[in-house]
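Worksheet: the structure to be examined is printed underneath.
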Amino acid sequence: MGRYHSTKEMDSLRIKNRRTWYRYSERVGGDAITFLQHFCGRSFPQAVEDLLAFHGRARDAPAERNRQTEQAPEPPKPFALPPRHTDARRVYAYLKKRSIAPQVIRGFINAGLLYEDAEHHNCVFVGYGGDGKAAFASLRGTYDRDGSGFKGDAAGSDKSIGFRLPYDPDSRTVYVFEAPIDLMSYCTLHRGFHSNALALCCLDDRALSVFLREHPAVRKVVLCLDHDRPGMEAAERIGRKYSAEGYAVQTLSPPSRKDWNAYLTFVQQFRERGR
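Each residue of the sequence shown is one higher than the one before, counting from 0 in numbering that gives the first Met the number 0.
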């Protein structure tokens, strides 16, 4: 998932650089040895022996190991939305902390674009395909530790759908963001915003390509990606591609800060200090 690894069994687990781990639901972490101690019940000596054997250096192993037959990859899981919680209190509280306007949060929930999952209380941003059926879900943890909370997609999500606002046939423009929260931030900053918009939930343009193919009347693309090196490089790459295909392309960066949510938070703090 991006720059992290996780597991099928524990989506609150984050593994960085294959060296360190942290489980947000338990607020514990460590290295490879403590991973085996915590999740496999191994003692310190047992964990060390397991890791040595895993890397082919077991004390009783021959000098050369035979290659193990590679197993066939598991078939992809079918897409399914996480179960819905009875309310969205944690989602409201988390997004308000991120400076998203309550009216915007309520609008997304009422439109079926956002809800709180029952098990982990994540924000679930639902992406619908051209047939009106849910095909993608971006998950965002409502607990942030040092600014880095859980991020991921529901199993079986179709990345070529991404997260979209309902199609507006009167608009010939689509605004493109990296993340749903950035899209919500833009809606908070521009309360009169009425246009087509989508979040790629990555820096791959597949979702934009599918959207434009489904809606040929849209002829202008406004790239609102993050104002950091990856975002700017992606905007340049995507902009060249769609300009060559005959679309009018505009790059729209936040006036300051790295992304639209960081800029929104800055604006809100500035207004509060000025009161």
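Idealized CB from N, CA, C, for every residue including glycine.
Remember, predicted model here, so these are calculated numbers, not experimental data.
From the DSSP secondary-structure annotation, give me the bridge partner or partners of residue i.
i    : result
D152 : S137
R121 : Looking at the sequence itself, residue 121 is Asn, so the reference to Arg does not match. Partner(s): none; N121 has no beta bridge.
Y127 : A133
Pull up the distance between the alpha-carbon of residue i and that of residue j, whole angstroms please.
i    : j    : result
Y185 : Y21  : 32 Å
K150 : Q45  : 32 Å
E177 : A198 : 5 Å
L202 : Q249 : 17 Å
S242 : H193 : 23 Å
R64  : A79  : Model confidence at R64 stands at a pLDDT of 48, short of 50, so the residue's coordinates are unreliable and nothing is read from them.
G245 : Y174 : 17 Å
R105 : A87  : 10 Å
F135 : F162 : 7 Å
G28  : T172 : 45 Å
R270 : G155 : 42 Å
P168 : C39  : 55 Å
R228 : D143 : 24 Å
A234 : I14  : 29 Å
H37  : G230 : 37 Å
With residue i as the anchor, note down where its beta strand (DSSP E) starts and where it stops.
i    : result
G29  : 27 to 29
T187 : Careful: T187 lies outside any beta strand (DSSP E), inside the alpha helix (DSSP H) at 179 to 188.
R270 : Unbroken run through R270 is the alpha helix (DSSP H), 259 to 272; no beta strand (DSSP E).
Y21  : 19 to 22
R13  : 12 to 15
Y174 : 172 to 176
K158 : First-last for K158: undefined, no H or E at that position.
T250 : 247 to 250
K219 : 219 to 222
L197 : 195 to 198
Between the options, which lies nearest to residue i when the distance is taken from Cα to Cα?
i    : options               : result
P77  : A133, G40, V90        : A133
M0   : I104, F34, G148, T85  : G148
Q267 : G29, P75, I99         : I99
D225 : S137, S252, R236      : S252
F107 : M183, S5, F269        : M183
Y91  : E244, A261, L113, I14 : L113
P82  : D116, D169, A247      : D116
L188 : R212, P101, V220      : P101
S5   : A153, I104, F43       : A153
H84  : C122, H214, L51, E271 : C122
G128 : D181, E213, K95       : E213
S170 : K219, I180, T141      : K219
P179 : G126, R18, G230       : G126
A196 : D30, E118, V221       : V221
Determine the extent of the alpha helix (DSSP H) in which residue i is found, giving its start and end residues.
i    : result
E232 : 228 to 243
N109 : 101 to 109
Y114 : That residue, Y114, is in no alpha helix (DSSP H); its beta strand (DSSP E) goes 113 to 115.
Y91  : 88 to 96
R212 : 205 to 213
Using a Cβ-Cβ cut-off of 6 Å (strictly less than) and excluding sequence neighbours within five positions of residue i, which residues of its own chain qualify?
i    : result
D204 : I237
R256 : Y262, F265
D181 : D258, W259, N260
Excluding the five sequence neighbours on either side, which residues of its own chain have a C-beta within less than 7 Å of the C-beta of residue i, listed in chain order?
i    : result
A110 : P165
L211 : V217
S159 : R205, A206, V209
H120 : H84, R89, T141
Excluding the 5 residues preceding and the 5 following residue i in the sequence, name in chain order all residues of the same chain whose CB lies nearer than 8 Å to its CB.
i   : result
T68 : Unreliable placement is indicated for T68, whose pLDDT of 48 sits below 50; no coordinate value is reported for it.
R66 : With a pLDDT of only 48 at R66, under the threshold of 50, the placement of this residue in the model should not be trusted; the figure read from the coordinates follows. Once the five neighbours on either side are set aside, R66 has no close Cβ partner at all.
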